[in-house]
Amino acid sequence: MIYLKTPEEIETMRSASTLVSQTLGEVARWIEPGVTTRKLDAVAREFIMDNGGKPACLGYEGFPGTLCIEVNEYVVHGFPSDRVLVDGDIIGIDTVVEKDGFMGDSCYTFAVGTVSPEKTALCRTTRESLYVGIEAAKPGARIGDISNAIQTYCEQRNYSIVREMTGHGIGRKMHEAPEVPNYGRRGIGTRLQNGMCICIEPMVNMGSRNVVIEADGWQCRTRDRKPSAHYEHTIAVVNDKVEVLTTFDYIHQAITDKFI
Ligand code: MF3
Ligand code: CO
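Spelled out as structure tokens, the structure:
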């Protein structure tokens with residue numbers, strides 16, 4: 082069952098999406114060697130609550146943080162902890178904010194200090210593949226067109242696509258129908274139509290596509306322990322156009338500010 086949103090509901094989705102984008106921008110200011118992921122989590126929780134939102138991951142099916150923390154080989158759903166970030170890490174920060182009853186979901190993978198050219202290239206390709214997916218998400222296109230565009234872009238560059246986790250519909254709940262896989266055939270799946278809100282979120286590995294979920298039932302990492310990258314936007318179809326409701330502008334501003 083796909084819940085189509087009214088234009089008014091999409092405005093609320095936009096406000097939740099802006100807040101989640103600003104939250105990632107705030108967290109970006111704190112990312113540096115020596116900081117713990119628990120500190121980043123506290124910064125995010127406080128920022129969300131100070132701005133009239135609710136940290137939707139915290140307590141979701143027992144999840145123990147505001148942020149999903151994805152250092153190096155971690156793919157999704159890592160826990161905030163006393164782990165200290167070190168120079169050369171990459172860290173994906175994935176979070177969902179609820180505002181006025183609707184959800185915004187976004188993820189960005191950051192470099193900690195100076196990162197190897199291989200990790201930088203993985204992050205660049207993954208980020209680019211998100212926009213390639215968004216470009217394929219034209220009204221009237223099908224979910225499979227998005228999936229295939231992302232898969233083709235990444236596999237042509239010799240990266241592999243995680244299959245166990247997918248993007249998803251979003252609205253009053255963080256996960257709604259339809260699923261949005263990052264691999265698959267063109268021309269299959271649900272047709273995009275006005276009122277649909279979905280999250281596109283490529284999870285891309287440097288080595289093999291295989292992942293394992295640790296004994297806690299949450300934390301997901303690559304089986305070969307090679308790095309993985311992850312980026313995510315929430316998008317909506319409105320007036321026969323696709324609008325990206327989240328933005329990385331706050332992150333890019335925060336990163337620029339560090340150098341001036
Ligand atoms: N963006 C993540 C997802 O879609 C958010 C997960 S929140 C958690 O899976 F609580 F489930 F971790
Ligand atoms: Co998501």
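Yeah, the sequence shown ends on 341 if you go by the working numbering, and it's all consecutive. Note that the Cβ used here is the ideal one computed from N, Cα and C, for glycine as well.
Does the ligand ADP have even one heavy atom less than 7 Å from the beta-carbon of residue i?
| i | result |
| --- | --- |
| His158 | Ligands in the displayed structure: the ligand MF3 and the ligand CO; the ligand ADP is not one of them. |
Taking C-beta to C-beta, are residue i and residue j nearer than 8 Å?
| i | j | result |
| --- | --- | --- |
| Glu260 | Tyr234 | no |
| Val193 | Ile112 | yes |
| Thr104 | Phe128 | yes |
| Asn275 | Val323 | no |
| Val124 | Glu107 | yes |
| Asp186 | Thr315 | yes |
| Asn263 | Ser241 | no |
| Tyr312 | Leu211 | yes |
| Ala137 | Val177 | yes |
| Lys200 | Pro308 | yes |
| Val243 | Arg306 | no |
| Asp175 | Thr117 | no |
| Met82 | Ala258 | yes |
For the beta strand (DSSP E) holding residue i, just list the boundary residues, first then last.
| i | result |
| --- | --- |
| His314 | 314-319 |
| Val293 | 292-294 |
| Val261 | 257-261 |
| Ile150 | 149-152 |
| Cys188 | 183-192 |
| Tyr155 | 155-157 |
| Arg164 | Arg164 -> no beta strand (DSSP E), and no H or E assigned at all. |
| Gly248 | 248-250 |
Spatial neighbours of residue i within its chain, please: C-beta separation below 8 Å, excluding the five flanking residues on both sides.
| i | result |
| --- | --- |
| His256 | His249, Gly250 |
| Arg69 | As shown, the chain starts at 82 and ends at 341. That puts residue 69 outside it, with no answer to give. |
| Asp131 | none |
| Asp321 | Pro220, Asn275 |
With burial defined as no fewer than 16 other Cβ atoms inside 10 Å of the residue's Cβ, what is the status of residue i: buried or exposed?
| i | result |
| --- | --- |
| Asp338 | exposed |
| Asn153 | buried |
| Tyr141 | exposed |
| Phe160 | buried |
| Leu85 | exposed |
| Phe340 | exposed |
| Gln237 | exposed |
| Ala296 | exposed |
| Arg126 | buried |
| Glu90 | buried |
| Arg95 | buried |
Sorted by chain position, which residues of the same chain lie with C-beta nearer than 7 Å to residue i's C-beta, five sequence neighbours on each side aside?
| i | result |
| --- | --- |
| His158 | Cys149, Trp299, Gln300, Cys301 |
| Val325 | Ile215, His314, Ile316 |
| Ile336 | Ala109 |
| Ala310 | Ile171, Gly173, Thr190, Leu203, Cys204, Thr207, Val285 |
| Thr328 | Ser102 |
| Asp168 | Pro114, Val193, Gly194, Thr195 |
Quick one: give me the first and last residue of the alpha helix (DSSP H) that residue i is part of.
| i | result |
| --- | --- |
| Asp170 | Element bounds for Asp170: n/a, residue is neither H nor E. |
| Met94 | 88-109 |
| Thr233 | 224-237 |
| Lys342 | In the structure as shown, the chain starts at 82 and stops at 341, and residue 342 therefore has no counterpart that could be examined. |
| Lys200 | 198-217 |
| Thr118 | 118-131 |
Suppose the cutoff is 6 Å on Cβ atoms and the five residues either side in sequence are ignored; what does the same chain contact list for residue i look like?
| i | result |
| --- | --- |
| Ile294 | Cys301 |
| Lys135 | Glu179 |
| Asp122 | Gly146, Thr147, Leu148, Pro161 |
| Ile332 | Leu105, Gly106, Ala109, Tyr189 |
| Gly133 | none |
On the three-pair Cβ rule with 8 Å, is the stretch 223-241 touching the stretch 265-279? The stretch 223-241 makes contact with the stretch 265-279: 3 or more CB pairs, one atom from each, lie closer than 8 Å.
State whether the stretch 140-148 contacts the stretch 279-292, with contact taken as three or more CB pairs (one from each stretch) at a distance under 8 Å. No: the two stretches stay apart, fewer than three of their Cβ pairs being nearer than 8 Å.
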